Structure formats: C-alpha cells, structure tokens
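K.L.:
Below you'll find the structure I mean.
2 protein chains.
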Amino acid sequence: MRYSRQREALLDLLRSTKSHPDAEWLYTGLRKEYPNISLGTVYRNLRQLTEAGEIIELCYGNISHFDGDISPHYHMKCNNCNRIYDIPISSVSINLSGTDNFEVDTINLVINGTCRNCQ
Amino acid sequence: MRYSRQREALLDLLRSTKSHPDAEWLYTGLRKEYPNISLGTVYRNLRQLTEAGEIIELCYGNISHFDGDISPHYHMKCNNCNRIYDIPISSVSINLSGTDNFEVDTINLVINGTCRNCQ
DNA sequence: GAGATAACGATAACGATTATCGTTATTGGC
DNA sequence: GCCAATAACGATAATCGTTATCGTTATCTC
Chain A
48 MRYSRQREAL LDLLRSTKSH PDAEWLYTGL RKEYPNISLG TVYRNLRQLT EAGEIIELCY
108 GNISHFDGDI SPHYHMKCNN CNRIYDIPIS SVSINLSGTD NFEVDTINLV INGTCRNCQ
Chain B
48 MRYSRQREAL LDLLRSTKSH PDAEWLYTGL RKEYPNISLG TVYRNLRQLT EAGEIIELCY
108 GNISHFDGDI SPHYHMKCNN CNRIYDIPIS SVSINLSGTD NFEVDTINLV INGTCRNCQ
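One line per chain: the protein sequences are A and B, in this order.
Oh and the first sequence: position 54 is 101 in my numbering, straight run, nothing missing.
Oh and the second sequence: position 11 is 58 in my numbering, straight run, nothing missing.
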C-alpha cells in the first residue's frame, strides 16, 4: 500500500473522533481540506484500511460505520439518537460455556437501549 | 395487519429453518409453493413482521438476515462459511458494570470465529 | 354478496457501495 | 534529482439490496 495524502487525512480524521462515523460524514469532513476528493476515494481507502486491520468496520442498520480505535472494546447504541458509545472491555465480563468446538476469534457485543441524553 | 397466504407461508418457512436466511433465500424457497410471488412481497412482509416483533432482523455484513426464533439467544458466525449458529442464553453470562445511566433494552452478542466443520 | 381497503405482483426508483478508466502522484533505480 | 513504473486519484457509470409506486386481487366487515 503506497502512501497517499488523502488516505492519511482520512485516517487522521477517523482517529480524531469518537462518533463512529459513516463514509458520508468522513467525505464531508475531508472536503474542507481536500475540496476535490472523491467519494469513491473515501470508500476505497476505508476498505483498504479495514482489510489492513488499521480501522474497524461496524455494521448497524445496513450502513457501515467505522471506528479508528482498534483496541478491544464493546459498543452501546442508543435506539433514539442512534449514537454509538464505547464500553471499555473492563466493564463487561463474558463467560462462554456452550460454544464447544467453535474457535473464537473476536467477540462483538452491542448493548441497545437509551442513552443518558435521550432519557 | 390483515391475513395473507403469502405472509403466512413466509413465516412458516422462516420458522422451519435454523439457517438465519436472507430475503433472497426466502424468495427462492417461497417460489416453489407460490411461483408468482414477488420479491417486493417478501421484503414488505419481512419488514412488517419485524416491526410487529414476530421475527428478528440480523445485520451481518451489510445484508439483512432474519431469525424466526424470537426467544432471547446469541449468535456465533463462522468467518469461513459465513453460517450463523445459535448460542443458548444459558451458555453465556454477561456482567455489565460501566454502562452508567444507559437504559439497557436488548443485548446483541456475536461470536466470530471458525466453526467445527471449517477447522 | 357488496363495498372498503390491505396486500399482491410487476416494475421503477433509491441509496449505499463498488468498478471503470483516463489522469496524477508516489516511489525506487539510475 | 530525473524517469519509468504503477498505485492512487477524481469523475462517473454500474451494481445490488431494498423501498416505493400503481393498477389489480384477496380479505374482511356489515
């Protein structure tokens, strides 16, 4: 993967937020610095970075969101405002007993509910 | 919601399998009994049944899968064959401590890894 | 059985994502 | 530093899952 300014800016922007944005949000943000950047470039780089393991793709509600934080953690999604919050891995303990003969790779946990702001 | 033969057949088909199928699979299956059924009908009824809480919509990899089993349980997804397996709720114990002020509605847990067949 | 209308089938429209293609930018060897 | 090779770009067309439209059919209520 050869260096590109656009990909670097995308990675910087994604790492600078905790909002788990989608491609459109990133595109809008990048256009401030790169007014001619193409939406295709955003999608291409999001896919490359995901495949390289530098970012994580989250799938909530049939559109992809992205997370620049690749350290293990879980998510909380508010059913009202659709915001996605992080849950530190230390706040959850998961105990598996019946997954016999299944080789566990990653654990994906999403708590759906209502966040403080929306109550 | 008025009765319809097509919706009833869809519900029967979905409840008869543990494969967590997508719309296309259900469409293909229904065409054996209803050769003229429309794909739009499948989608319309899947949405209605989901909204009515009679089935559950699962989102893995940007295409919707459906589950006729609405009793609480979790899922295991094989990264190799993409099959989705059920995990009984009794096999997992989840302990939340840091979700302060978040009103929990549902818990969505997916274990990604390699199933017995694919090892 | 008749009128009201939900649901149908066929198909067009939509929105997110991916592919194409000619041009531009990065890189490694001279 | 320059040049050739080519990865990545921007613009845009194509794809694919899903939703909306619309005239017709089936279900339900009286």
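Positions of the beta carbon are idealized from the N, C-alpha and C atoms, including for glycine.
Here the structure is a predicted model, which is why all the values come from computation and not from measurement.
From Asn92(B) to Leu57(B), what distance separates their C-alpha atoms?
P.N.:
Translated into the one-based positions of the second sequence, residue 92(B) becomes position 45. Translated into the one-based positions of the second sequence, residue 57(B) becomes position 10. Whole-angstrom Cα-Cα distance: 8 Å.
K.L.:
The alpha helix (DSSP H) spanning Tyr90(A) covers which residue range?
P.N.:
Indexing the first sequence from 1 puts residue 90(A) at position 43. First-last of the alpha helix (DSSP H) with Tyr90(A): 86–98.
K.L.:
Beta-carbon within less than 8 Å of Ile168(B)'s beta-carbon, same chain only, minus the 5 sequence neighbours each way: which residues are those?
P.N.:
Look at the range of chain B in this structure, 48 to 166, and you will see that residue 168(B) is not part of it.
K.L.:
Where do the ends of the beta strand (DSSP E) carrying Tyr132(A) lie?
P.N.:
Taking the first sequence and counting its residues from 1, one reaches residue 132(A) at position 85. Looking at the DSSP string, the run of the beta strand (DSSP E) that includes Tyr132(A) is 131–135.
K.L.:
Given a threshold of 16 other Cβ atoms within 10 Å of its Cβ, counted over all protein chains shown, does Met48(B) qualify as buried or as exposed?
P.N.:
The residue given as residue 48(B) occupies position 1 in the second sequence. The residue is exposed, with fewer than 16 neighbouring Cβ atoms inside 10 Å.
K.L.:
Could you have a look at Asn148(B) and say whether DSSP puts it in helix, strand or coil?
P.N.:
Walking along the second sequence from the start, residue 148(B) turns up at place 101. In the three-state reduction of the DSSP assignment, Asn148(B) falls in the coil class.
K.L.:
Under 8 Å, Cβ to Cβ, is there at least one residue of chain B near Pro135(A)?
P.N.:
For the purposes of this step, residue 135(A) is taken as residue 88 along the first sequence, with counting starting at 1. Yes, Pro135(A) counts as interfacial toward chain B.
K.L.:
For chain A, find out if any of its Cβ atoms is closer than 8 Å to the Cβ of Gly160(B); answer yes or no.
P.N.:
The residue you call residue 160(B) lines up with position 113 of the second sequence. Yes, its Cβ sits closer than 8 Å to a Cβ of chain A.
K.L.:
What residues in its chain sit with their C-beta under 6 Å from that of Met123(A), if we drop five residues either side in the sequence?
P.N.:
As a first step, residue 123(A) is located in the first sequence; it is residue number 76 there, counting from the start. Hits under 6 Å: Tyr132, Ile134, Ile158.
K.L.:
So, for Ile110(A): in the same chain, excluding its five sequence neighbours on each side, which residues have a beta-carbon less than 7 Å away from its beta-carbon?
P.N.:
Against the first sequence, residue 110(A) aligns to sequence position 63. Around Ile110(A): Asp69.
K.L.:
When we look at the beta-carbon of Cys163(B) and count the other beta-carbons within 10 Å, is it buried (16 or more) or exposed?
P.N.:
Position 116 of the second sequence, counted from the start, is the residue given in the question as residue 163(B). Residue identity differs from the one stated: residue 163(B) is Arg in this sequence, not Cys. Flag for Arg163(B) reads exposed.
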